[in-house]
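One structure below.
In my numbering, the protein residues as written are 642 to 862.
This is the structure in structure tokens:
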């Protein structure tokens with residue numbers, strides 16, 4: 642029997658891409674998956690659903706958003722707020738609603754950031770900033786929640802074969818792959834397996850860590 646059997650994982654962004662792969666990965670390991678949430682109302686619903694299943698043990702914040710034009714000097718305030726709401730505020734709301742359930746038996750929170758938070762990316766000013774804020778939030782939560790036996794870590798994927806990444810132009814896609822030393826785009830399942838690892842007992846001594854899953858992208862630029 643898997644160590645995840647009978648435990649509840651609350652996952653945001655399960656509609657597609659990495660979130661969908663995480664939902665499948667945890668479900669295949671026997672976990673009960675609850676999603677999808679990004680706003681206060683939907684996070685309340687997700688937290689209530691998890692409580693009905695006995696309480697959450699894992700919180701996986703995957704929901705994210707990017708856009709093609711995100712230049713620091715031309716980005717509208719409305720678009721900036723949208724990026725912050727989805728990429729940062731959603732994760733904070735998830736912690737606020739679900740973390741109280743994790744305090745019962747300890748648990749794990751894994752936030753998805755991005756390689757863009759480590760190295761920056763042309764025309765991704767607000768996206769990079771919002772994902773950088775996720776790393777700061779992760780470190781702060783790791784300190785604040787350690788006393789409750791809750792571990793908090795972040796993953797920074799590089800290019801991943803998801804619908805969001807595939808909205809880029811062919812030229813941009815080629816440039817992204819060329820920036821990766823391994824010269825490949827990761828399938829969502831590979832990234833999902835890292836989320837699973839960080840929630841496993843094999844990672845019991847890991848908290849406050851930023852883990853690049855980017856094919857070497859962040860160390861080559």
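Where a beta carbon is used, it is the ideal one built from N, C-alpha and C, also for glycine. Predicted, not measured: the structure shown is a model, and the values here were computed from it.
Burial is judged here by how many other beta carbons sit within 10 angstroms of a residue's own beta carbon; residue 820 has at least 16 and is buried.
Burial state of residue 782 is buried, judged by a 10 Å Cβ sphere holding 16 or more other Cβ atoms.
Residue nearest to residue 796 within the set 670, 681, 839 is 839 (criterion: CA-CA distance). Contact annotation: residue 674 and residue 650 have beta-carbon atoms nearer than 8 Å. Residues 677 of the same chain have their beta carbon placed closer than 8 Å to that of residue 683, with the five preceding and five following residues left out of the count. Under the three-state reduction of DSSP output, residue 805 falls in the coil class, being neither helix nor strand.
Counting along the chain, no beta strand (DSSP E) covers residue 727, and no H or E run does either.
Secondary structure note for residue 819: its alpha helix (DSSP H) is the uninterrupted segment 811-819. Here residue 644 is exposed, its C-beta having fewer than 16 other C-beta atoms within 10 Å. From the listed residues 768, 735, 704, 746, the smallest Cα separation to residue 713 is found for 768.
For residue 771, the CB contacts under 7 Å within the same chain, skipping 5 residues up- and downstream, are 724, 725, 728, 729 in chain order. In the three-state DSSP reduction, residue 851 falls in the strand class (E or B). For the pair of segments examined, the region 828-835 was found to touch the region 801-812: the number of CB pairs separated by less than 8 Å reaches three. In the three-state reduction of the DSSP assignment, residue 834 falls in the helix class, which pools H, G and I. When the Cα atoms are used, residue 747 and residue 720 turn out to be separated by approximately 37 Å. Buried is the label assigned to residue 658, since at least 16 other Cβ atoms lie within 10 Å of its Cβ. Residue 735 and residue 813 have their C-alpha atoms spaced approximately 32 Å apart.
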